[in-house]
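Those letters in the sequence shown? Residues -2 to 106, by this note's numbering. The beta-carbon is built from N, C-alpha and C at its ideal position, and this holds for glycine as well. As the structure is a prediction and not an experimental result, all values here were calculated from the model. Notes follow once the structure below has been shown.
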Amino acid sequence: LEWMERNGYTKLIVQYGKGSRPQISNDGPDRRKIEIEMYDFKPSLVQDMAQADLVLSHAGAGTVSEVLQQEKPRLVVVVNTLLMDNHQLELAHAMQRRNYLYVVESPQQ
-2 LEWMERNGYT
8 KLIVQYGKGS
18 RPQISNDGPD
28 RRKIEIEMYD
38 FKPSLVQDMA
48 QADLVLSHAG
58 AGTVSEVLQQ
68 EKPRLVVVVN
78 TLLMDNHQLE
88 LAHAMQRRNY
98 LYVVESPQQ
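Spelled out as structure tokens, the structure:
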């Protein structure tokens, strides 16, 4: 949240799917000026993507294609390195070489 605020972002929308609701807090003494919205699923993410200045996503072909169709200025993909025959990694690096997105292979990166 600190990075987001420093870079002028004002809202964080998280679609967390079947997993647990993330423990993201914007309370306490370090409160940021970031509005946080979270949900498990929506029928479509198109509206959220259309309004976004930055999209963070997994590197699945469908998601990458959908975001790029929105002509977003910034797409960051986090590759699921646990997949067999890691097609996400191959796609992500091919798209990064063409300057369509930025790849993160490790959450620590």
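- Distance from the Cα of Val101 is smallest, within the candidate group Leu(-2), Asn83 and His55, for His55.
- The continuous stretches of beta strand (DSSP E) do not include Ser62, which lies in the alpha helix (DSSP H) extending over residues Ala58 to Gln66.
- Counting the other CB atoms within 10 Å of its CB gives Leu88 a total of 16 or more, which places it among the buried residues.
- DSSP places Glu34 inside the beta strand (DSSP E), whose first and last residues are Glu32 to Tyr36.
- Shown here, Gln20 sits in coil according to DSSP, grouped into three states, outside any helix or strand.
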